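Here the working numbering = 1-based position in the sequence shown + 213. Backbone N, C-alpha and C fix where the C-beta goes; we use that ideal spot for every residue, glycine too. Remember, it's a predicted structure, so these values are computed and weren't measured experimentally. Worksheet: the structure to be examined is printed underneath.
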Amino acid sequence: MPYILISTQIRLETGPTTVGDEYSDPALMNFLEARKTTMLGNNFSEYNVEEPPRLVLDKLEKLGYRVVTMTGVGQTLVWCLHKDTTGL
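Here it is in structure tokens:
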């Protein structure tokens with residue numbers, strides 16, 4: 214999976230950080246030490262880490278991911294990252 218989205222709430226820029234959904238690569242989620250959770254009332258799961266986004270971005274860079282874009286949506290910050298897999 215060459216793309217990943219991570220996000221956090223503006224007031225929580227020190228963590229936690231959402232790093233994936235129920236379809237995310239389990240090996241990558243394990244590398245990030247993410248916990249899979251389902252909020253009461255939601256019919257989907259998310260992977261979260263307690264670390265701030267900066268540390269998550271540093272870890273993903275070590276794996277070859279690069280930030281494509283970043284935006285703010287309401288009170289949420291979202292980063293889209295891509296990993297070039299053409300050389301694999």
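| Item | Value |
| --- | --- |
| Secondary structure of Asn243, DSSP reduced to three states | helix |
| First through last residue of the alpha helix (DSSP H) which encompasses Arg267 | 266-275 |
| Where Ala247 falls, given that 16 or more other Cβ within 10 Å makes a residue buried | buried |
| Integer Cβ distance of Lys272 from Leu245, believed to fall under 8 Å | 6 Å |
| Whether Lys249 touches Tyr260 by CB criterion (8 Å) | yes |
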